[in-house]
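Participant: Let me begin by handing over the structure; questions about it come next.
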Amino acid sequence: MEKVREYTLAWLEDPEVFEVNREEAHSDHLFYEKEEETALGREMPLRQSLNGIWKFAYAVCPDERQERFYEDGYPIDRFGEIEVPGHIQMQGYDRCQYINTMYPWDGQEELRPPHISREYNPVGSYVKEFHVNQGLRGKRTYVSFQGVETAFYVWLNGTFLGYSEDSFTPAEFEVTELLRDGVNRLCVEVYKRSSASWLEDQDFWRFSGIFRDVYLYAVPMIHVRDLFFRGTLDESYRDGRFALCAKMTGKLHGTVELRLEDRDGQIVCSERKEVQDTVEWNGEIPHVHSWSGEDPYLYDLYLYVYGEDGTLREIVKEEVGFRTFEMKDGIMCLNGKRLIFRGVNRHEFSMTKGRAVGEEEMLWDIRFMKRHNINAVRTSHYPNQTLWYRLCDRYGIYLIDETNLESHGSWQKMGAVEPSWNVPGSLPEWQECVLDRAKSMFERDKNHPSILIWSCGNESYAGEDILNMAEFFRKADPTRLVHYEGVFWNREFDQTSDMESRMYAKPADIEEYLKNDPAKPYISCEYMHAMGNSCGGMHLYTELEDRYEKYQGGFIWDYIDQSVLHINDQGEKVLTYGGDHDDRATDYEFCGNGIVFADRKETPKAQEVKALYAPIRLKVSKKGVLIENRNCFAGTEQYHFICRVLRDGEETFRTVIKADVPPLGEGFAAISFPEPDRDGEYVYEVSARLSERTLWAEEGFEIAFGQAAERKIENAETPENTGRTSGRGKLEVVHGDVNIGVKGERFHVMFSMSEGGIASLCYDGVEYITRTPKLTFWRASTDNDRGAGYGYDRAVWMTAGMFAKKAECETEETDDGIRVKFFWKLPEPLGVKVSVTYTVSEDGTIRTELFYPGVEGAAELPAFGMEFRLKERYSGFRYYGLGPEENYIDRKEGARLGIFQSTAAENMTPYLMPQECGNRTGTRWLEVSDGQGRGLRFQAEDRPFESSVLPYSSYEIEQAVHQEELPNIHYTWVRILACQMGVGGDDSWGAPVHSQYLLPSEQEQRIAFTIKNMSR
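What follows is the structure, given as structure tokens:
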């Protein structure tokens, strides 16, 4: 076909022009000329990288661009420089803009598809000069752009090469006839906006530029241009079957030999055929080693291409797997077994490079996922880099591969469905461009066994155009299923998706669907909106796995905070979100939804994910452990089990056992735990550890754990086991006009009747109190709290602690000690009295009891307890409770009972927007110290309390909208709580915390604990 050599900017607004002169999409296989080169992997000698520094000119709109910069000899000495791959906005040009569902021009210009702005459409003019490597000369040669956002024109040596859209799949152009000896000049003109922008309205930063690899590659005189390997299993799931289709180009004379080798290099199949346009093989592999996420076994496929004279011309090497993914009786099955997707949505993201991620980030991500029992990824919402798929093949991650399509802003506005101008819908002018996106993804990725499902895109409503995408996938590849959630909003096109897929459906809604004998299995393509301090109630979803066969899991939203590292006006390097770059319109901090922070540090939410996604469950008792193996294909012989007994948090016994429980089976392993011989709380713990090193973790890495606890009490309560002393003893009471002092050996406590509490607490001459401890009913709002509008009806509880009015004070000297009781009247409209009672014993122990009688008709309490403001130096803490990471009443499945330690600063979880954090449930005792042995010990009395130790008060945290806005640290804030409401996580824009994790206002609340000198 004759090439187009003239271009026009009119293509930018024409949805029917999405490529000009672009090569047909093909598989991403690797190829070489010599057998020894196959060991080089992706470093193909026939490939020449053009990554690096390019000359660059920026213009805010097309009228201001360097219009003829592509002409041969055009002076570029005044051009700047830019790095490729990379985004324009991350390198000092234009500005970063974050948007969730709106189109980025909302409120700036009134536009409708397919039109784009004439005033703001940033243009990047790129120039790269290069010499062609010797190994590429004399061969057919192409230039490959792996990812350019959003639309681009390209020239070589002054001649127009072509045009392409679709930011996330390769665009390739043949350059054979245009290359010359000496210096070649490649010119690329990148536009931020085009008609394609209406199809790329994903929840992400709106970048532009050449953000993936650019390279030249040459092909041998006989070349495998495309191959499609389909490796499946027979009906018994024992033997392998394969079909291979290779499309050839060049001088089609010679032979091509297929060779399939196992992991040990043994040839399991070999067959030679004559070269022609299309060469096909079919074969069977008896007793094949199948591929799964649990055992990602790959075979090496080689194609040896020989010329007429028998000379080896090309070797193709590809890793392939055998597996069958199918719908059986309305259930998605892999190799005959019902599969549960324990997944996460993943944007490609780096805080310094945006979506231009590299191998280092990908390896970190996939190892994190495997270490946290995540078995599946949805490539939200675009095809990822080729390397990601190769890693998922090798490490064992199931993929939903998603087409680059989202038109959210065209049909849903502020949550309301209004599709009057939805694209692509059933509009014929958009049909071919969305089919091209599906085809480009399919052709590149089709050989990866990790891909189980093709997705037609995300949040684009429904219509004939997307339905035809689904039909394309089904026709091209019957070995996989097709996914599309958007039909939930328009059931006329329900046949688009093979499974029922929903976003942010509540557990009750999912259960209602599953109870009614549905035709399709269910997945949540997005659930557990992990924005800020979230993921509460996740177990309510994972518990559905056991109750309903057609519940097949879900994908957490999402993997990593999309936060950009930026130097602010104060010269600080800070993590930013929407609006911080003067970007409007924006959706502000809604980009902070990760179970991993933007700097690739784990969030505390990951603790819960790991536990609830664990492939084995351990139900521990005094007699042993019931092992439930939830793996579909792997037995428990890959693990050893460390069994421990802890008394009051200290280890007293340890042993190691092995247990062989088959896949999807249960088995009980008896353990000879010793009988408790002393009073105390005994924890029986079993931890499943890897017995051998893997690609993603070292030997001994913990996969799952289980605990059971019991308390042995034979002797009467004593001061040693309760934290209380036996009585008043030698106490001196000083009755002042305003203060009541209590003195004993090595301590002095003073109660202020005007302040309404402890005004001074000295042990060994050291003062610990900076101001009277205060009642608290509040917590710093979480993202979920704000999204649900909790501040509207719960603001009364914020002021309840701040502005409670001291009422009466009662004192009593008893045999148990000195008792001082304060009553606090809460501000109107609450009006109820809350009591705080202190009882001082002879050794300086202060028993503290708080009582809240309940209020009818008020909103639920965020929390109830007491805040202590200590000096900054008392910032270290050690506790016996649930940990090691922060946990809440609706997010503690991954927490274990033990003794842990940290600091106030480390406990301040750096959520993108400061909010409630650092809480621990089940606290038996808490020690707060200065690191020199001086400090206070808070010990639970009747039942464990919740606690946190932070460098800021809840009110200081409430006021800050960025971490850097928090003040310099002056104090350590200790919160001792009877309870705190859950954090929720069904979504972050209205979903309430589940009722069982709320604190009804009418319900009484009581907490009792002691305060004492840590060193005694």
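Counting in this note's numbering, the sequence shown tops out at residue 1019, every number present.
Don't be surprised by glycine CBs; every beta carbon is placed ideally from N, CA and C.
Note that the structure is a prediction, hence the values are computed from the model and not measured.
#1: For the stretch 923–943 and the stretch 884–901, state whether three or more C-beta atom pairs, one from each stretch, are separated by less than 8 angstroms.
#2: Give the straight-line distance between the Cα atoms of GLU16 and TRP433, rounded to the nearest whole angstrom.
#3: So, is VAL628 buried or exposed, given that buried needs 16 or more other C-beta atoms within 10 angstroms?
#4: Could you give the C-beta distance for LEU306 and VAL222, rounded to a whole number, given that I count them as a contact under 8 angstroms?
#5: Residues bridged to TYR401 by DSSP?
#6: Closest by CA to SER273, which one among GLY313, TYR240, GLU968, ILE288?
#7: Would a C-beta distance cut-off of 9 angstroms place ILE334 and LEU402 closer than the cut-off?
#8: Do PHE644 and VAL659 have their CB atoms nearer than 9 angstroms?
#9: Take the Cβ of GLN111 as the centre, count every other Cβ of all protein chains shown within 10 Å, and call the residue buried at 16 or more, exposed below.
#10: Got a sec? Which residues, its chain only, sit under 7 angstroms from PHE176 by beta carbon, not counting five neighbours each side?
#11: Thinking C-beta only, is TYR955 closer than 9 angstroms to PRO913?
#12: Would you list the one or two residues that DSSP bridges to TRP235?
#13: Does the beta-carbon of LYS320 have 16 or more other beta-carbons within 10 angstroms, so that it is buried, or is it exposed?
#14: How many Å lie between ILE598 and MET105 at the Cα?
#15: Are the stretch 50–63 and the stretch 118–129 touching by the rule of at least three beta carbon pairs closer than 8 angstroms?
#16: Determine the direct distance from the alpha carbon of LYS604 to that of TRP208, and round the result to whole angstroms.
#17: Beta-carbon separation of ARG349 and ASN376 under 9 angstroms?
#18: Classify GLU1007: buried if its beta carbon has 16 or more other beta carbons within 10 angstroms, exposed otherwise.
#19: Let's test the definition: count the other Cβ atoms within 10 Å of the Cβ of ASP169 and tell me whether it reaches 16, buried, or not, exposed.
#20: Measuring alpha carbon to alpha carbon, tell me which of ASP75, GLN69, ASP448, HIS90 ends up nearest ARG81.
#21: Could you spell out where the beta strand (DSSP E) holding PHE750 opens and where it closes?
#22: Determine the DSSP secondary structure at TYR580, reduced to helix, strand or coil.
#23: In three-state terms, what does DSSP make of GLU9?
#24: Check THR728 in the structure and name its three-state DSSP category.
#25: Less than 7 angstroms between C-beta atoms, sequence neighbours within five positions excluded: which residues of the same chain meet that for TYR516?
#26: For THR1013, is the classification buried or exposed, using 16 other Cβ atoms within 10 angstroms of its Cβ as the cut-off for buried?
#27: Would you kindly report the start and end of the unbroken beta strand (DSSP E) that includes PHE825?
#28: Near ASN285, what residues of its chain come up, given a Cβ to Cβ distance below 6 angstroms and the 5 sequence neighbours on each side ignored?
#29: Would you grab the beta carbon distance between PHE231 and LYS449 for me? Rounded to a whole angstrom, and I think it's under 8 angstroms.
#30: For chain E, find out if any of its Cβ atoms is closer than 9 angstroms to the Cβ of HIS292; answer yes or no.
#31: Leaving aside the five residues before and after SER383 along the sequence, list all residues of the same chain whose C-beta is less than 7 angstroms from its C-beta, in chain order.
#32: Using 8 angstroms for Cβ pairs, my map puts ILE706 next to GLY556. What's the rounded Cβ distance?
#33: Take every Cβ of the stretch 932–951, pair it with every Cβ of the stretch 894–901, and state whether three or more of those distances are shorter than 8 angstroms.
#34: Please give me, in chain order, every unbroken run of the beta strand (DSSP E) with length at least 3 that falls completely inside the stretch 613–688.
#35: Ignore the nearest five residues each way along the sequence and tell me which others in CYS538's own chain have a CB closer than 6 angstroms to its CB.
#36: When the Cα atoms are used, what is the spatial distance from ARG8 to THR162?
Facilitator: In this structure, then:
#1: yes
#2: Residue 16 sits at position 13 when you count from the first residue of the sequence shown. Residue 433 sits at position 430 when you count from the first residue of the sequence shown. Each residue's Cα considered, the two are about 12 angstroms apart.
#3: Residue numbering aside, residue 628 sits at position 625 when the sequence shown is read from its first letter. That one is buried.
#4: For the purposes of this step, residue 306 is identified with residue 303 of the sequence shown, where counting begins at 1. For the purposes of this step, residue 222 is identified with residue 219 of the sequence shown, where counting begins at 1. The Cβ separation is near 13 angstroms, so there is no contact.
#5: Counted from its first residue, the sequence shown places residue 401 at position 398. DSSP output for TYR401 lists ALA379 as bridge partner(s).
#6: Residue 273 sits at position 270 when you count from the first residue of the sequence shown. Nearest option by C-alpha distance: ILE288.
#7: Translated into the one-based positions of the sequence shown, residue 334 becomes position 331. Translated into the one-based positions of the sequence shown, residue 402 becomes position 399. No. Outside cutoff.
#8: Along the sequence shown, one-based indexing puts residue 644 at 641. Along the sequence shown, one-based indexing puts residue 659 at 656. For PHE644 and VAL659, yes; Cβs fall inside 9 angstroms.
#9: The count along the sequence shown starts at 1 and reaches residue 111 at position 108. Per the 10 Å Cβ criterion, exposed.
#10: Counting from one through the sequence shown, the residue named residue 176 turns up at place 173. Hits under 7 angstroms: ASN24, ARG25, GLU26, TYR145, VAL146, VAL157, LEU164, GLY165.
#11: Counted from its first residue, the sequence shown places residue 913 at position 910. Counted from its first residue, the sequence shown places residue 955 at position 952. Against a cut-off of 9 angstroms, the Cβ pair of TYR955 and PRO913 comes out as no contact.
#12: Position 232 of the sequence shown, counted from the start, is the residue given in the question as residue 235. Strictly speaking, residue 235 in this sequence is Thr, with Trp absent from that position. Answer by DSSP bridge pairing, in chain order: ARG244.
#13: Against the sequence shown, residue 320 aligns to sequence position 317. Looking at its Cβ environment, which holds 16 or more other Cβ atoms inside 10 Å, LYS320 is buried.
#14: As a working note, residue 598 is residue 595 in the sequence shown. As a working note, residue 105 is residue 102 in the sequence shown. Whole-angstrom Cα-Cα distance: 24 angstroms.
#15: yes
#16: Translated into positions along the sequence shown, residue 208 becomes position 205. Translated into positions along the sequence shown, residue 604 becomes position 601. Going from the Cα of TRP208 to the Cα of LYS604 covers about 21 angstroms.
#17: Mapped onto the sequence shown, residue 349 falls at position 346. Mapped onto the sequence shown, residue 376 falls at position 373. Cβ atoms of ARG349 and ASN376: not closer than 9 angstroms.
#18: The count along the sequence shown starts at 1 and reaches residue 1007 at position 1004. Result: exposed.
#19: As a position in the sequence shown, residue 169 is number 166, starting the count at 1. With 16 or more other Cβ atoms within 10 Å, it is buried.
#20: Locating residue 81 in the sequence shown gives position 78, where the first residue counts as 1. Closest option to ARG81, Cα to Cα, is GLN69.
#21: On the sequence shown, position 747 is the one that residue 750 refers to. Per DSSP, PHE750 belongs to the beta strand (DSSP E) from 750–755.
#22: Position 577 of the sequence shown, counting from 1, holds the residue named residue 580. Correct three-state label for TYR580: coil.
#23: Taking the first residue of the sequence shown as 1, we reach residue 9 at position 6. Three-state result, GLU9: coil.
#24: Taking the first residue of the sequence shown as 1, we reach residue 728 at position 725. Reliability of the predicted coordinates at THR728 is poor, the pLDDT of 47 falling under 50, and no value is obtained from them.
#25: Against the sequence shown, residue 516 aligns to sequence position 513. So the list reads GLU503, TYR525, once near-sequence residues are dropped.
#26: Residue mapping note: residue 1013 aligns to position 1010 of the sequence shown, counting from 1. So THR1013 counts as buried.
#27: For the purposes of this step, residue 825 is taken as residue 822 along the sequence shown, with counting starting at 1. Per DSSP, PHE825 belongs to the beta strand (DSSP E) from 820–828.
#28: What you label residue 285 is simply residue 282 of the sequence shown in a count that begins at 1. The residues are ALA246.
#29: If you number the sequence shown from 1, residue 231 lands on position 228. If you number the sequence shown from 1, residue 449 lands on position 446. Correct: roughly 6 angstroms between the Cβ atoms.
#30: No chain E is present in this structure, which holds just one protein chain.
#31: As a working note, residue 383 is residue 380 in the sequence shown. Here the set comprises ASN348, ARG349, HIS350, GLU405, ASN461, ASP561.
#32: Walking along the sequence shown from the start, residue 706 turns up at place 703. Walking along the sequence shown from the start, residue 556 turns up at place 553. At roughly 18 angstroms, the Cβ-Cβ gap does not stay under 8 angstroms, so ILE706 and GLY556 are not in contact.
#33: no
#34: 619–623, 627–632, 642–650, 653–660, 669–673
#35: In the sequence shown, counting from the first residue as 1, residue 538 sits at position 535. These residues qualify, in order along the chain: MET531, LYS608, GLU611, ARG894, GLY988.
#36: Position 5 of the sequence shown, counting from 1, holds the residue named residue 8. Position 159 of the sequence shown, counting from 1, holds the residue named residue 162. Spanning the two alpha carbons is a distance of roughly 7 angstroms.
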